[in-house]
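Peer 1: Basically our numbering = 1-based index in the sequence shown + 173.
C-beta: ideal position from N, C-alpha, C; glycine also.
Sharing a structure, written as structure tokens. Questions coming.
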Amino acid sequence: MSTGRTDTSRTGTIRTPGDTGGINTYKGEERALRADRLGTPGLLLSVLAASAPLMVVAGVMPTVFGVMGIVGQPLLYVILGIVLMLFGVGYAEMSRHVHNAGAFYAYIARGLGPTAGAGASLVALVAYSAMQVGIYGILGFEVSGLFATYLGIDLPWWIPALFAVALVGVLGWLKIDLNAKVLGVLLVVECALVVIFDIAAVAEPGPEGLSLHAFNPETLTGAGLGTALCFCIAAFVGFEQAPVYAEETSRPQVVVSRVMFLAVGYAALFLAVSAWALTVAAGPSSIVGTSLEEGPGMLFGLTEERLGATFTDVLHVLFVTGMFAALLSFHNVVARYAFAMGREGLLPAGFGRTNKASGAPATGSMLQSAVSAVVVLLFALTDDNPAGDPTAPVLHLFTWMGNVGALGVIVLMAAASFAVIAFFVRRGAGRAQAPRLVASGLAGLALLTIAVFTVRDFGVLVGSGPGSSLNWLLPGVIVTALAGGLVYGAVLRRTKPEVHARIGLGNEAFQLEKAAEETATPR
Numbered sequence: 174m175s176t177g178r179t180d181t182s183r184t185g186t187i188r189t190p191g192d193t194g195g196i197n198t199y200k201g202e203e204r205a206l207r208a209d210r211l212g213t214p215g216l217l218l219s220v221l222a223a224s225a226p227l228m229v230v231a232g233v234m235p236t237v238f239g240v241m242g243i244v245g246q247p248l249l250y251v252i253l254g255i256v257l258m259l260f261g262v263g264y265a266e267m268s269r270h271v272h273n274a275g276a277f278y279a280y281i282a283r284g285l286g287p288t289a290g291a292g293a294s295l296v297a298l299v300a301y302s303a304m305q306v307g308i309y310g311i312l313g314f315e316v317s318g319l320f321a322t323y324l325g326i327d328l329p330w331w332i333p334a335l336f337a338v339a340l341v342g343v344l345g346w347l348k349i350d351l352n353a354k355v356l357g358v359l360l361v362v363e364c365a366l367v368v369i370f371d372i373a374a375v376a377e378p379g380p381e382g383l384s385l386h387a388f389n390p391e392t393l394t395g396a397g398l399g400t401a402l403c404f405c406i407a408a409f410v411g412f413e414q415a416p417v418y419a420e421e422t423s424r425p426q427v428v429v430s431r432v433m434f435l436a437v438g439y440a441a442l443f444l445a446v447s448a449w450a451l452t453v454a455a456g457p458s459s460i461v462g463t464s465l466e467e468g469p470g471m472l473f474g475l476t477e478e479r480l481g482a483t484f485t486d487v488l489h490v491l492f493v494t495g496m497f498a499a500l501l502s503f504h505n506v507v508a509r510y511a512f513a514m515g516r517e518g519l520l521p522a523g524f525g526r527t528n529k530a531s532g533a534p535a536t537g538s539m540l541q542s543a544v545s546a547v548v549v550l551l552f553a554l555t556d557d558n559p560a561g562d563p564t565a566p567v568l569h570l571f572t573w574m575g576n577v578g579a580l581g582v583i584v585l586m587a588a589a590s591f592a593v594i595a596f597f598v599r600r601g602a603g604r605a606q607a608p609r610l611v612a613s614g615l616a617g618l619a620l621l622t623i624a625v626f627t628v629r630d631f632g633v634l635v636g637s638g639p640g641s642s643l644n645w646l647l648p649g650v651i652v653t654a655l656a657g658g659l660v661y662g663a664v665l666r667r668t669k670p671e672v673h674a675r676i677g678l679g680n681e682a683f684q685l686e687k688a689a690e691e692t693a694t695p696r
């Protein structure tokens with residue numbers, strides 16, 4: 174059974190989560206994130222904001238229906254919800270023993286070794302950065318459309334995208350509890366509006382009536398099934414970020430696991446019902462064609478027919494604020510991964526320092542802002558669009574980067590599932606832990622299968638032929654990050670064994686350093 178204690182099996186030291194042991198004052202408070210700043214509501218709102226429910230309904234769902242031709246999208250959310258619940262069983266138990274802002278890579282380092290942890294750290298940094306940067310494309314497209322519709326101004330998509338980069342960067346310096354309040358208000362309002370649409374769709378269905386055809390397993394066919402799985406699992410992304418904030422929660426051994434299961438359960442129900450409502454409103458036999466033709470505008474068209482122009486205008490605005498909330502949530506996660514990597518020596522030491530005024534991981538925040546600005550500018554300058562298609566930033570920046578990031582998260586979750594098994598087996602897991610290990614094994618196998626299908630079907634996403642270089646270049650981003658991280662970890666093992674040994678230990682490593690210094694100092 175879980176003892177709620179933090180494991181340091183690589184060092185032979187155990188301490189309770191509430192015992193800082195002088196860590197926060199060792200070499201200054203800047204080595205630690207501020208504790209006791211988030212409870213269950215604040216953490217739940219922060220992780221759910223990353224999924225941006227309105228962005229999923231308006232942006233992701235039409236892409237899965239139209240581009241990938243999967244009518245059974247509602248059923249996919251149910252299946253993925255079950256898989257992620259299985260994953261969460263072991264992942265949540267791991268969170269009771271390891272509290273580290275590096276979450277994924279820390280867990281993988283504890284289970285599969287520091288070198289594997291180094292590989293996972295780079296994959297996490299690249300994956301979450303890609304997912305955040307991709308959202309700037311769809312946000313820029315939507316804001317540009319609002320300016321054209323309501324102000325008659327032709328605004329290039331990259332201008333509001335870059336403005337959002339700057340604003341998110343500034344907010345990244347602020348306290349996480351302030352961000353949680355902002356995210357929470359936006360999240361509650363946009364979820365309420367989507368639920369209102371769901372009710373309206375059921376009350377006034379399309380020409381085919383209240384059909385449950387979208388839950389028929391036969392609808393899960395088509396060349397784009399693998400990419401649809403990747404795209405749909407991206408809609409859940411956020412729940413697995415809860416352990417990233419473990420150091421900042423009041424009771425991490427309780428709050429983190431509770432939030433993860435609440436987030437997965439809510440997301441599965443909300444997404445399955447909303448995807449089904451779209452099929453009811455448009456008609457199961459028409460949903461693919463309508464989605465392909467109208468893209469993100471499909472939701473707003475269906476909404477205006479049933480709820481009027483004013484409601485639809487409000488929905489447009491909240492579409493933007495919801496995406497902004499997701500940007501802020503991803504930004505916070507990337508900054509904390511960079512902080513954890515800097516603190517342990519995987520990145521320069523400057524990344525392992527926090528802003529003394531707010532306690533935020535300032536250097537990681539600046540890095541993510543710089544990367545986002547560069548990628549947005551590259552797409553703005555090189556996105557060849559001779560036909561003048563205004564959806565180019567959505568189809569390219571959002572879809573490409575979003576799927577690259579989702580593939581990375583799937584790989585991380587699969588690796589973390591097997592790391593959980595290795596971690597507890599090495600600790601002499603008994604019969605009480607067996608159900609958790611079985612659940613982790615099943616989740617790991619399912620996630621690996623999804624990753625394989627995703628890579629196989631990547632060509633459907635980009636609309637390229639069988640021989641297109643994009644079919645391997647985009648998934649290759651994650652493969653390159655993993656290979657580079659593993660090589661880096663192996664080099665550290667030979668050249669800096671002390672740095673290699675503390676990968677995944679977080680603040681515990683500095684507690685041990687302090688104890689060693691005190692022991693070596695003559696009294």
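Can you tell me whether Gly-495 is helix, strand or coil according to DSSP?
Peer 2: Taking the sequence shown and counting its residues from 1, the one referred to as residue 495 is at position 322. If DSSP states are grouped into helix, strand and coil, Gly-495 belongs with the helices.
Peer 1: Let me confirm a value: Gly-640 is counted as buried when at least 16 other C-beta atoms fall within 10 Å, else exposed. Which label applies?
Peer 2: Here residue 640 refers to the residue found at position 467 of the sequence shown. Around the C-beta of Gly-640, fewer than 16 other C-beta atoms lie within 10 Å, and the residue is accordingly described as exposed.
Peer 1: Classify Glu-315 as helix, strand or coil using the three-state DSSP reduction.
Peer 2: Translated into the one-based positions of the sequence shown, residue 315 becomes position 142. Residue state, collapsed to three classes: helix.
Peer 1: Can you tell which of Ser-542, Pro-329, Ala-279, Gly-518 has its C-alpha closest to the C-alpha of Pro-670?
Peer 2: Position 497 of the sequence shown holds residue 670. For the residues Ser-542, Pro-329, Ala-279, Gly-518, the minimum Cα distance to Pro-670 belongs to Gly-518.
Peer 1: Using only CA atoms, which one of Ser-224, Asn-644, Gln-246 lies nearest to Leu-161?
Peer 2: For the chain, the structure presents residues 174 to 696; residue 161 sits outside this window and is missing.
Peer 1: Note down the Cα distance separating Leu-646 from Pro-378, rounded to an integer number of angstroms.
Peer 2: On the sequence shown, residue 646 is found 473 positions in, with the first residue counted as 1. On the sequence shown, residue 378 is found 205 positions in, with the first residue counted as 1. Those two C-alpha atoms are separated by around 42 Å.
Peer 1: Measuring only the C-alpha atoms, how far is Leu-298 from Tyr-510?
Peer 2: Counting from 1 along the sequence shown, the entry for residue 298 is found at position 125. Counting from 1 along the sequence shown, the entry for residue 510 is found at position 337. Near 7 Å, if we compare the C-alpha coordinates of Tyr-510 and Leu-298.
Peer 1: Check whether the stretch 358-376 and the stretch 439-454 touch, using three or more Cβ-Cβ pairs below 8 Å as the test.
Peer 2: The stretch 358-376 makes contact with the stretch 439-454: 3 or more CB pairs, one atom from each, lie closer than 8 Å.
Peer 1: Could you give the distance in angstroms between the alpha-carbon of Glu-477 and the alpha-carbon of Phe-484?
Peer 2: Position 304 of the sequence shown, counted from the first residue, corresponds to residue 477. Position 311 of the sequence shown, counted from the first residue, corresponds to residue 484. For the pair Glu-477 and Phe-484, the Cα-to-Cα distance works out to about 7 Å.
Peer 1: Roughly how many whole angstroms lie between the Cα atoms of Ala-624 and Leu-324?
Peer 2: As a working mapping, residue 624 is identified with position 451 in the sequence shown. As a working mapping, residue 324 is identified with position 151 in the sequence shown. So the alpha carbons of these two residues sit roughly 44 Å apart.
Peer 1: DSSP three-state call for Arg-675: helix, strand or coil?
Peer 2: Numbered from its first residue, the sequence shown carries residue 675 at position 502. Arg-675: coil per DSSP, three-state reduction.
Peer 1: Who are the Cβ neighbours of Trp-330 in its own chain at under 6 Å, not counting the five residues just before and after it?
Peer 2: For the purposes of this step, residue 330 is identified with residue 157 of the sequence shown, where counting begins at 1. Cβ within range, chain order: Gly-313, Phe-314, Ser-317, Pro-566.
Peer 1: With distances taken Cα to Cα, identify the nearest neighbour of Leu-217 among Leu-259, His-270, Phe-412.
Peer 2: Counting from 1 along the sequence shown, the entry for residue 217 is found at position 44. Minimum Cα distance to Leu-217 is reached at Phe-412.
Peer 1: Does the beta-carbon of Leu-285 have 16 or more other beta-carbons within 10 angstroms, so that it is buried, or is it exposed?
Peer 2: Reading the sequence shown from its first residue, position 112 is the one you call residue 285. Per the 10 Å Cβ criterion, buried.
Peer 1: Near Val-650, what residues of its chain come up, given a Cβ to Cβ distance below 6 Å and the 5 sequence neighbours on each side ignored?
Peer 2: Stepping through the sequence shown from its first residue, residue 650 is reached at position 477. The residues are Val-577.
Peer 1: What's the gap between the Cα of Arg-283 and the Cα of Arg-431?
Peer 2: Here residue 283 refers to the residue found at position 110 of the sequence shown. Here residue 431 refers to the residue found at position 258 of the sequence shown. Each residue's Cα considered, the two are about 22 Å apart.
Peer 1: Could you spell out the range, first to last residue, of the alpha helix (DSSP H) harbouring Ile-326?
Peer 2: As a working mapping, residue 326 is identified with position 153 in the sequence shown. Unbroken run through Ile-326: none, as it is neither H nor E.
Peer 1: Can you look up Met-241 in the DSSP assignment and give me helix, strand or coil?
Peer 2: The sequence position of residue 241 within the sequence shown is 68, counting from 1. Coil at Met-241, not helix or strand.
Peer 1: Does any heavy atom of the ligand NAP sit closer than 7 Å to the C-beta of Ser-447?
Peer 2: Inclusion of the ligand NAP in the displayed structure is not the case, the ligand content being empty and no account of it being possible.
Peer 1: Determine the burial state of Arg-675: buried for a count of at least 16 other Cβ atoms within 10 Å of its Cβ, exposed for fewer.
Peer 2: To locate residue 675, count along the sequence shown from 1; it is residue 502. Under this definition Arg-675 is a buried residue.
Peer 1: Could you check if Asn-389 is buried or exposed, using at least 16 other CB atoms within 10 Å of its CB as the buried criterion?
Peer 2: By 1-based counting over the sequence shown, the position of residue 389 is 216. By the 10 Å Cβ count, Asn-389 comes out exposed.
Peer 1: Secondary structure at Gly-284, three-state DSSP: helix, strand or coil?
Peer 2: Here residue 284 refers to the residue found at position 111 when the sequence shown is read from its first residue. In the structure shown, Gly-284 sits in a helix (DSSP, three-state: H, G or I).
Peer 1: Do you know offhand how far Ala-595's Cα is from Ala-619's?
Peer 2: Start at 1 with the first residue of the sequence shown, and residue 595 comes out as number 422. Start at 1 with the first residue of the sequence shown, and residue 619 comes out as number 446. When the Cα atoms are used, Ala-595 and Ala-619 turn out to be separated by approximately 18 Å.
Peer 1: By the 10 Å Cβ neighbour count, where 16 or more other Cβ atoms means buried, how is Ser-545 classified, buried or exposed?
Peer 2: Numbered from 1 along the sequence shown, position 372 holds the residue referred to as residue 545. Answer is buried; the Cβ neighbour count reaches 16.
Peer 1: Who are the near neighbours of Val-548 in its chain, counting only those whose CB is closer than 7 Å to its CB and skipping five residues on each side?
Peer 2: In the sequence shown, counting from the first residue as 1, residue 548 sits at position 375. Excluding positions up to five away in sequence, the list reads Val-306.
Peer 1: What's the gap between the Cα of Leu-488 and the Cα of Phe-571?
Peer 2: For the purposes of this step, residue 488 is taken as residue 315 along the sequence shown, with counting starting at 1. For the purposes of this step, residue 571 is taken as residue 398 along the sequence shown, with counting starting at 1. In a straight line, the C-alpha of Leu-488 is about 20 Å away from that of Phe-571.
Peer 1: Could you tell me the distance, in whole angstroms, from the CA atom of Gly-575 to the CA atom of Ile-255?
Peer 2: By 1-based counting over the sequence shown, the position of residue 575 is 402. By 1-based counting over the sequence shown, the position of residue 255 is 82. Whole-angstrom Cα-Cα distance: 22 Å.
Peer 1: Applying the 10 Å Cβ sphere with the 16-neighbour rule, what's the burial state of Gly-290?
Peer 2: Walking along the sequence shown from the start, residue 290 turns up at place 117. With 16 or more Cβ atoms within 10 Å of its Cβ, Gly-290 is classed as buried.
Peer 1: Taking only three categories from DSSP, how would you classify Val-343?
Peer 2: Working through the sequence shown from its first residue, we reach residue 343 at position 170. Looking at Val-343 - three-state DSSP - the assignment turns out to be helix.
Peer 1: Take Leu-678 and list the residues in its own chain whose beta-carbon comes closer than 6 Å to its own, dropping the five residues that flank it on each side.
Peer 2: As a working note, residue 678 is residue 505 in the sequence shown. Excluding residues within five positions, none has a Cβ falling inside 6 Å.
Peer 1: Report back the beta-carbon spacing between Val-367 and Pro-235 to the nearest angstrom; my notes put them in contact at under 8 Å.
Peer 2: Locating residue 367 in the sequence shown gives position 194, where the first residue counts as 1. Locating residue 235 in the sequence shown gives position 62, where the first residue counts as 1. At roughly 14 Å, the Cβ-Cβ gap does not stay under 8 Å, so Val-367 and Pro-235 are not in contact.
Peer 1: If we ignore side chains and look at the alpha-carbon of each, how far apart do Pro-608 and Leu-551 end up?
Peer 2: The residue given as residue 608 occupies position 435 in the sequence shown. The residue given as residue 551 occupies position 378 in the sequence shown. So the two alpha carbons sit approximately 48 Å from each other.
Peer 1: Run through DSSP, which three-state label would Val-593 get?
Peer 2: Here the question's residue 593 lines up with position 420 in the sequence shown. In this structure, Val-593 counts as helix in the three-state DSSP scheme.
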